[in-house]
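Residue numbers (the working numbering), protein chains in the order written: chain A, 467 to 678; chain B, 467 to 678.
2 protein chains.
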Amino acid sequence: MKKAEPARPRDKHLVTILMAAEEEFARHGLKGARMQAIADRAGLPKANVHYYFRNKNRLYLAVLNNIMTTWNDFFRGVTVEDDPAVALDTFIRQKVRLSFQQPTASRLFANEIIQGAPYLSEYLREVMRPWVDERARIITGWIDAGKMPATDPVLLIFMIWATTQHYADFQAQILGIMDRDTYDEQLMEEVSEFVSATILTGIGLTPVRPDR
Amino acid sequence: MKKAEPARPRDKHLVTILMAAEEEFARHGLKGARMQAIADRAGLPKANVHYYFRNKNRLYLAVLNNIMTTWNDFFRGVTVEDDPAVALDTFIRQKVRLSFQQPTASRLFANEIIQGAPYLSEYLREVMRPWVDERARIITGWIDAGKMPATDPVLLIFMIWATTQHYADFQAQILGIMDRDTYDEQLMEEVSEFVSATILTGIGLTPVRPDR
DNA sequence: TCAAGAGTTGACCATTTGGACAGATTTTGC
DNA sequence: GCAAAATCTGTCCAAATGGTCAACTCTTGA
């Protein structure tokens, strides 16, 4: 006894369109993206895209919402009880992985912020600010508990964001300078190690040694 | 005996248009920016903008070129003889200052890279790659000379870029999260101090104490 | 003073673009 | 099996947009 299971094509096409739109919006921004390009990328007639999303703005918001929901589900429960070095190392490695494996979402987010966050200002205030406050409180807790030297928790969070997302947003620059065509697992590992070790050492923690 | 001093309006309007275009292109990217918006921002009729710049692409390239030239003139002569802590500290502080004081240029550059660097791929290869190679060589020189512990020079440069430019590109996010309306000198100083100290410590150098 | 060039601009045009829509086709619930 | 709902799409359109142009004004050098 299942309630009104949604039509099949709906789910499938919704995802296809959202993915295509994410790519186009990430590359060209809201104004720069073309509905026709999104439709082409999704392999559907433009009118079909309009059937699922009334207009460009709705589609943009849907994509943005989709990304934010995914990101939100991604980082969870660190507490004052945890070891700061382990927690920060884990967080950094997760973020690097995300940048290497899902760069498009990061780029779309970057695009939105660069444009002054017209559609995310509320999200910044209502979701991200509390999130940062909460993490900052935990870090302050670690400092007060003598688990790590004093440092600015908010600037630390910004630094982790900056260094990790950089590999998604500036992929073209990094590949160009490193004379490479693509990212690979090995580079991701090196970057994770470097960023984690440097930041942890930088704030006076002893880096965790992953395995070897 | 001066040779054909250029007409007055030319220079003045050229600068006005370039500034207006920089702002619009930074916000909306090449495709998203509107010639009319650029003209409005410059306080000129659209046709007048077209008098100075044949078309949108030329204008975009002019703006890009303008920025790259400015940036190029900005960082100079560090040698193996210098003290790594001082040199890196100076570099980081310069970059933070640039991010706080001229964020628009950084945002336009970011936009171009996010879009896959269609107009800068040559510049990346011909100018930035050699620049990075040269700095990397100097850092390697420092390491070989025992002036600092071993670290990956290229990833270090990326980290400095990422953390400093972040304050230009993600200004809206940072202000939103910090519950501020604008940047000020004091924040710039705190950021400089934090970034410099954390990165220098992170790679095993003793941070320079600026004054106090 | 005055011709030649530089600069200015309103009006205009071709193309692109977001979006509407009606009719055709497929799927679903019963 | 069939009516209703969901889905699909070719075609069309009004608005937006990049760019042109010819007429006009201003500046400059001799």
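For each residue, glycine too, the CB sits at the ideal point set by N, CA and C.
Every value quoted in this text rests on a predicted model; they were computed, and no experiment measured them.
Within-8 angstroms CB hit, residue i to chain A
i, result
"B/L621", "yes"
"B/M644", "yes"
"B/L590", "yes"
"B/A576", "yes"
"B/H479", "no"
"B/T570", "no"
"B/R563", "no"
"B/G618", "The question names Gly, but residue 618 of chain B is Asp in the sequence shown. Chain A, which has a Cβ nearer than 8 angstroms to the Cβ of B/D618, makes this yes."
"B/V661", "yes"
"B/F624", "yes"
"B/G668", "yes"
"B/F487", "Residue 487 of chain B is actually Ala in this sequence, not Phe. No, its Cβ sits nowhere closer than 8 angstroms to a Cβ of chain A."
"B/M594", "yes"
"B/I579", "yes"
"B/R573", "yes"
"B/T629", "yes"
Boundaries of the alpha helix (DSSP H) in which residue i is found, first to last residue
i, result
"B/F557", "550-567"
"A/E655", "651-668"
"B/T536", "522-538"
"B/R507", "501-508"
"A/A513", "512-518"
Minimum Cβ-Cβ distance from residue i to chain B less than 8 angstroms
i, result
"A/Q567", "no"
"A/A583", "yes"
"A/I640", "yes"
"A/S587", "yes"
"A/D635", "yes"
"A/R675", "no"
"A/R559", "no"
"A/I665", "yes"
"A/R678", "With a pLDDT of 45 at A/R678, under the threshold of 50, the predicted position of this residue should be treated as unreliable, and no value is reported."
"A/T672", "no"
Burial state of residue i, where buried means 16 or more other Cβ atoms lie within 10 Å
i, result
"B/Q652", "exposed"
"B/P569", "buried"
"B/E489", "buried"
"A/Y633", "buried"
"B/L496", "buried"
"A/F540", "exposed"
"A/Y649", "buried"
"A/Y517", "exposed"
"B/V481", "exposed"
"B/N521", "exposed"
"A/G498", "buried"
"B/N577", "buried"
"B/T664", "buried"
"B/Q567", "exposed"
"A/A513", "exposed"
"B/Q581", "buried"
"B/D647", "exposed"
"A/V412", "Missing from the structure shown is residue 412 of chain A; chain A here goes from 467 to 678 and no further."
"B/E659", "buried"
"A/T617", "buried"
"B/Q502", "exposed"
"B/K478", "exposed"
"A/V552", "exposed"
"A/R603", "exposed"
"A/L527", "exposed"
- prompt: Can you list, in chain order, the stretches of the alpha helix (DSSP H) that have 4 or more residues and sit fully within the segment 601-648 of chain A?
  reply: 619-635, 637-644
query: Between the segment 493-518 of chain A and chain B, which residues of the former have a C-beta closer than 9 angstroms to a C-beta of the latter?
result: R493, H494, G495, L496, K497, G498, A499, R500
field: Members of the segment 524-556 of chain B that neighbour chain A once the beta carbon cut-off is set at 7 angstroms
entry: Per Cβ criterion, the list is empty.
- prompt: Looking at chain B, which residues of the segment 599-616 of chain A have a Cβ within less than 9 angstroms of any of its Cβ atoms?
  reply: Across the segment 599-616 of chain A, CB contacts with chain B closer than 9 angstroms involve D599, in sequence order along the chain.
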